[in-house]
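Enquirer:
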Amino acid sequence: MAKYVLAYHGGHRMPETEEGMYDLMAAWSAWFSGMGGSLLDGGNPVGAAKTINSDGSVSDGGGANPLTGYSLIEAGSIDAALDIAKGCPVIGNGGSVEVAEATDM
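Each residue of the sequence shown is one higher than the one before, counting from 26 in the working numbering.
1. Going straight from the alpha carbon of SER58 to that of GLY72, what length do you get?
2. Thinking C-beta only, is GLY120 closer than 9 Å to ALA52?
3. Apply the 10 Å Cβ neighbour rule to SER96 and answer buried if 16 or more other Cβ atoms are within range, or exposed otherwise.
4. Would you mind listing the beta strand (DSSP E) stretches within the region 39-95 that are 3+ residues and don't spill past its ends, in chain order?
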């Protein structure tokens, strides 16, 4: 089985109420639990980014679709990894999930 990086992009702001935060955390917890042994590392959300461009300049914000978090999973194929990623709560929150195989060096 191969390892895949799930890179989360976008999504709306964090909920402002305690109930909204609880619901969001419950959705993530249920999704992670549903993966069983496929989840290798739940990862973390990430904060504001800076980008070093090819000319050496630095820009704020991480580009047009900034990274907001990541996880590491194991799956039999990229299609299987995509099936897992389709349940990610960030998608229902206006974001997207980039799925890429992590290759051994």
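Glycine is no exception: its CB is placed at the ideal position from the N, C-alpha and C atoms.
Expert: To lay it out plainly:
1. Taking the sequence shown and counting its residues from 1, the one referred to as residue 58 is at position 33. Taking the sequence shown and counting its residues from 1, the one referred to as residue 72 is at position 47. Computed Cα separation, rounded: 25 Å.
2. Position 27 of the sequence shown, counted from the first residue, corresponds to residue 52. Position 95 of the sequence shown, counted from the first residue, corresponds to residue 120. Taking 9 Å as the cut-off, the Cβ atoms of ALA52 and GLY120 do not count as close.
3. Along the sequence shown, one-based indexing puts residue 96 at 71. With a 10 Å radius around the Cβ and a threshold of 16 neighbouring Cβ atoms, SER96 comes out buried.
4. Every unbroken stretch of the beta strand (DSSP E) spanning 3 or more residues and falling wholly within the region 39-95 is given here in chain order: 64-70, 75-77 and 83-85.
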